[in-house]
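Residue numbers (our numbering), protein chains in the order written: chain A, 106 to 413; chain B, 11 to 352.
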Amino acid sequence: MASSKGLKKVLLMGKSGSGKTSMRSIIFANFLAKPTMRLGPTLHVDHDNVKFLGNLVLNLWDCGGQDAFMEAFFNSERSQTFSGVHVLIYVFDVDSHEHKKDMDQFVSCLQSINELSPEARVFCLIHKMDLIKNEDDRNKLLEERTEELAKIANPRKLTVFRTSIWDETLYKAWSEIVYQLVPNVSLLQEKLAKLCKLCGADEVVLFEKATFLVISHAITSEHQDQHRFEKISNIIKHYKLTCGKTQARFRSMEVKNSTFAALVDVFTSNTYIMVVMTNPRIQCAAVRQNVQFARSYFEQIIKSKQHA
Amino acid sequence: NATGEQSLGSDGRSRLLMLGAKRSGKTSIIQVVFQKMSPHETLFLDPTAGLEITDVSNSAFVQLQILDFPGGYDFSDGKLRPEVVFKHDAAIVFVIDQQDGQEDLAAVEHFLDVARLAHMVNPKLSIDVLIHKVEIDSDSYHDDLNERVRHIRQVIIEQLREEQLDIHPTFHLTSIYDHTIFEAFSRIVQKRVPQTSQLEKILSGLVENSRVEKAYVFDVISKIYIATDNSDLDHFYELCSDAIDVVIDVSRIYSVSKDSKGASGEGGSIFPYDSKSGVVIRMENNYVLHLREVDSFLALVCFMRNDPQINQGLLEYNFDSFKKAVAEVKARSIASLRSGGT
Ligand SMILES: Nc1nc2c(ncn2[C@@H]2O[C@H](COP(=O)(O)OP(=O)(O)OP(=O)(O)O)[C@@H](O)[C@H]2O)c(=O)[nH]1
Ligand SMILES: Nc1nc2c(ncn2[C@@H]2O[C@H](COP(=O)(O)OP(=O)(O)O)[C@@H](O)[C@H]2O)c(=O)[nH]1
Ligand SMILES: [Mg+2]
């Protein structure tokens with residue numbers, strides 16, 4: 106697929122009030138979850154170009170979900186909306202009372218995408234999961250929806266996530282989505298693994314600087330918590346927002362107790378790095394040195410225009 | 011009901027009585043501040059049917075019993091006698107939902123009833139009023155909100171004056187969605203912590219003798235601060251209190267539990283805070299925040315200029331002396347408790 110200068114068109118669709126603008130504001134515009142309650146409905150389309158990792162531009166189309174707009178997207182504005190799409194993100198509100206209608210609209214959307222951007226990746230977000238009280242019920246619902254959506258889309262493949270603006274699931278989903286767009290991912294991964302070993306660290310994680318989305322990681326020992334990186338994103342982003350309120354600007358942090366030490370610091374011009382250590386013999390200062398030396402090398406990998 | 015008068019402690023802990031109308035937010039506040047519930051989860055809370063008691067004994071200095079009353083509790087029902095409930099070691103935290111939409115100020119009437127009754131039993135009783143659900147960042151209807159808050163406060167003060175009651179409640183504007191509830195509870199709890207003034211002196215000493223600009227001692231479990239230095243700089247407060255979240259949340263993920271190596275994470279029952287717990291956060295403008303353990307579940311959090319002239323050794327020395335001073339305060343208060351008890 107020909108993409109001009111790393112410009113990636115990302116369509117955000119789903120019915121009105123499903124939470125599209127909220128999540129976009131939290132991920133890309135440094136909003137907190139709470140103020141999203143004040144957002145009004147999106148009219149027609151909100152276009153937004155967000156820089157990501159320096160040389161990538163996400164061309165976000167936040168499509169208003171009111172019926173009249175949807176109608177237009179599927180008919181009169183069909184070709185301009187659905188052509189040249191790299192990623193389609195379709196948002197379902199768990200609290201919706203119009204299941205049938207939601208599915209019908211999704212089917213129309215898929216038809217247009219299949220025809221006009223057959224290579225686009227499709228992600229479905231089952232959103233506002235926090236409104237379901239019980240974790241078991243949440244998982245059950247996700248399973249049901251995944252099956253239903255896969256059936257509808259067949260033979261096209263799609264990925265389904267459960268999300269809520271109130272927890273790390275939002276970061277999980279968006280990290281995996283943008284991961285598809287990062288150039289040189291496999292090379293990055295390989296070098297990160299080397300750095301991790303060199304430092305004697307348990308894990309090393311690379312975050313995109315502005316969004317704190319996870320773009321790559323390397324581990325040397327297993328960890329039970331599958332959502333830990335997204336939790337870290339969430340923790341740091343919250344702290345950065347607090348800093349912003351007092352005109353302080355966050356730069357780095359070191360957290361420890363008697364069993365571990367974690368270091369988060371600016372890495373390349375567009376990334377942050379986290380190094381986690383549980384081996385008490387390893388000195389933070391030595392790790393800082395290694396990270397310092399690796400900087401310019403990683404800068405090159407990330408900057409290079411060649412796409413993997 | 012199991013929780014009757016007999017469970018009201020006489021163990022030296024001070025009691026906070028959470029009173030107010032139904033759905034004013036009492037249970038939510040207790041859950042958010044003392045049980046780490048996240049604010050939006052309070053939407054699922056059920057109304058409180060009978061008196062519920064939460065014992066708080068985290069750090070050495072924060073020893074409380076919190077009584078969650080059913081909304082609009084009527085003391086004339088005879089189950090809980092005012093002379094027992096309001097006796098000397100109690101304090102009232104009265105919650106008024108600022109957005110309850112009731113023009114007739116029923117909540118204020120209710121407050122006055124409780125205040126009169128409590129005053130009769132115990133004229134020295136301290137009363138804090140939380141004008142609650144005031145979300146500072148919701149800029150909509152700001153003028154309306156200010157007006158409502160002002161009105162509630164004014165009606166209460168005027169009425170108390172008119173009745174010539176010697177009651178002087180402290181007002182706080184709070185929301186569980188931001189730091190205001192923690193700040194209000196810090197002030198409320200400080201009144202009940204006898205060691206606060208000693209800790210304040212030590213903190214002020216630290217600020218005078220080093221490059222520290224603002225310092226707090228926090229109870230890490232509740233995020234309540236029990237003392238700060240005597241400067242009135244308060245714009246570092248959120249940075250400092252949020253550093254508690256950072257150390258706890260990150261440690262909860264990466265702490266390796268000692269007995270079963272590798273089995274960290276979910277279990278989550280052990281609080282991941284120990285004698286080596288600490289955070290260093292650096293800012294672009296050459297400021298740095300330090301968080302250090304000073305006693306079990308207590309943290310020193312301070313904000314300082316990052317001066318390369320100052321060597322690490324001196325900093326460590328200052329922190330160590332601070333820790334020792336706090337240990338002395340603790341030892342003294344235990345000793346005086348013993349001698350007072352016999
Ligand atoms: N917007 C907002 N809502 C709040 C706040 N605090 C509590 N609430 C909401 O108020 C509702 C009632 O909260 P509860 O804590 O159950 O109230 P309560 O005073 O314990 O009620 P009773 O037990 O019936 O007396 C819940 O839906 C909370 O989510 C706040 O600071 N802001
Ligand atoms: N409970 C809950 N509410 C959400 C979540 N995401 C968004 N909302 C709320 O849903 C409402 C509509 O969101 P908005 O982003 O404007 O929807 P859009 O029309 O799809 O752009 C707002 O009041 C949000 O606060 C979520 O994960 N959980
Ligand atoms: Mg209640």
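Glycine included, each C-beta is placed from N, C-alpha and C at the ideal position. Just so you know, these numbers come straight off a predicted model, no measurement behind them.
Any Cβ of chain A within less than 8 Å of the Cβ of Phe332 of chain B? no
Ignore the nearest five residues each way along the sequence and tell me which others in Val159 of chain B's own chain have a CB closer than 7 Å to its CB. Gln108, Ile141, Val144, Leu183
Spatial neighbours of Met293 of chain B in its chain, beta-carbon cut-off 6 Å, leaving aside the 5 residues before and after: Around Met293 of chain B: no qualifying Cβ.
Under 9 Å from the C-beta of Glu359 of chain A: neighbouring residues of chain B: Contact of Glu359 of chain A with chain B by beta-carbon distance below 9 Å involves Gly288, Val289, Val290, Ile291, Arg292.
Is the segment 175-195 of chain B in contact with the segment 210-220 of chain B, if contact means three or more CB pairs nearer than 8 Å? no
Could you check whether Val304 of chain B and Val227 of chain B sit closer than 8 Å to each other, using their CB atoms as the reference points? yes
Are there any heavy atoms of ligand 1 lying less than 7 Å away from the beta-carbon of Val105 of chain B, as far as the coordinates show? yes
Of all Cβ atoms in chain B, is any one closer than 8 Å to the Cβ of Asp198 of chain A? no
Give me the chain A residues within the contact set of Leu249 of chain B, using Cβ-Cβ distance strictly less than 9 Å, ordered along the chain. The answer, in chain order, is Tyr344, Thr347, Cys348, Lys350, Thr351, Ala353.
CB contact check: Phe181 of chain B to chain A, cutoff 8 Å: no
Helix, strand or coil at Thr274 of chain A according to DSSP, with G and I counted as helix: Secondary structure at Thr274 of chain A: helix, using DSSP grouped into helix, strand and coil.
If the cut-off is 8 Å on Cβ atoms, which residues from the segment 368-390 of chain A count as contacting chain B, listed in chain order? Val381, Thr383
Neighbour list for Asp235 of chain A in chain B, Cβ cutoff strictly below 7 Å: Near Asp235 of chain A (Cβ distances below 7 Å), the residues of chain B are His50.
With DSSP collapsed to three states, give me the class of Asn375 of chain A. Of the three classes helix, strand and coil, the one that applies to Asn375 of chain A here is coil, per DSSP.
Identify every residue that forms a DSSP beta bridge with Lys113 of chain A. In the DSSP output, where bridge partners are listed per residue, Lys113 of chain A has A:Leu163.
Range of the contiguous alpha helix (DSSP H) that encloses Tyr344 of chain A: Start and end: 333-350.
Is any non-hydrogen atom of ligand 1 found closer than 7 Å to the C-beta of His142 of chain B, if you look at the structure I gave you? yes
Can you name the residues of chain B whose CB is closer than 7 Å to the CB of Phe365 of chain A? The contacting residues are Tyr264, Ser265, Val266.
Residues near Arg356 of chain A in its chain [Cβ-Cβ closer than 7 Å; skip 5 each side]: Spatial neighbours of Arg356 of chain A in its own chain (CB-CB distance under 7 Å, excluding positions within 5 residues in sequence) are listed in chain order as Val371.
Kindly indicate if chain B contains any beta-carbon less than 8 Å away from that of Ile406 of chain A. no
CB-CB under 7 Å to Arg400 of chain A, same chain, minus the five flanking residues each way: which ones, in chain order? Phe372, Thr373
Near ligand 1, which residues have their beta-carbon closer than 5 Å to a heavy atom? B:Lys32, B:Arg33, B:Ser34, B:Gly35, B:Lys36, B:Thr37, B:Ser38, B:Thr52, B:Leu53, B:Leu55, B:Pro57, B:Thr58, B:Gly81, B:Lys143, B:Ser185, B:Ile186
Along the chain, where does the beta strand (DSSP E) that runs through Leu26 of chain B open and close? 24-30
Amino acids of chain A, ordered along the chain, whose beta-carbon sits closer than 9 Å to that of Ser241 of chain B: Per Cβ cutoff of 9 Å: no residues; Ser241 of chain B is ~16 Å from chain A at best.
Got a sec? Which residues, its chain only, sit under 7 Å from Ser213 of chain A by beta carbon, not counting five neighbours each side? Correct list, in chain order: Phe179.
Under the three-state reduction of DSSP, which class applies to Val287 of chain A: helix, strand or coil? In the structure shown, Val287 of chain A sits in coil (DSSP, three-state: anything other than H, G, I, E or B).
Of all the CB atoms in chain B, is at least one closer than 8 Å to the CB of Ser123 of chain A? no
Restricting to runs no shorter than 3 residues, where is the beta strand (DSSP E) found entirely within the segment 279-330 of chain B? 288-293, 297-305, 308-315
Bridge partners - Ser6 of chain B, DSSP secondary structure assignment: One cannot answer for residue 6 of chain B here, as it falls past the ends of chain B, which runs 11 to 352.
Taking Cβ positions only, does Arg333 of chain A come closer than 8 Å to chain B? yes
Gly119 of chain A - DSSP class collapsed to helix/strand/coil: strand
So which of A:Pro140, A:Lys361, A:Ile406 has the shortest CA-CA distance to Leu292 of chain A? Of A:Pro140, A:Lys361, A:Ile406, the residue nearest in Cα terms is A:Ile406.
Within the continuous alpha helix (DSSP H) that includes Glu253 of chain A, where are the two ends? For Glu253 of chain A, the enclosing alpha helix (DSSP H) begins and ends at 240-258.
With a CB to CB cut of under 6 Å and the five nearest residues on each side skipped, what residues in its chain are close to Ser306 of chain B? none
What whole-angstrom Cβ distance do His232 of chain A and Val196 of chain A have, given they're in contact under 8 Å? 5 Å
Which residue comes first and which comes last in the beta strand (DSSP E) that contains Val155 of chain A? 150-157
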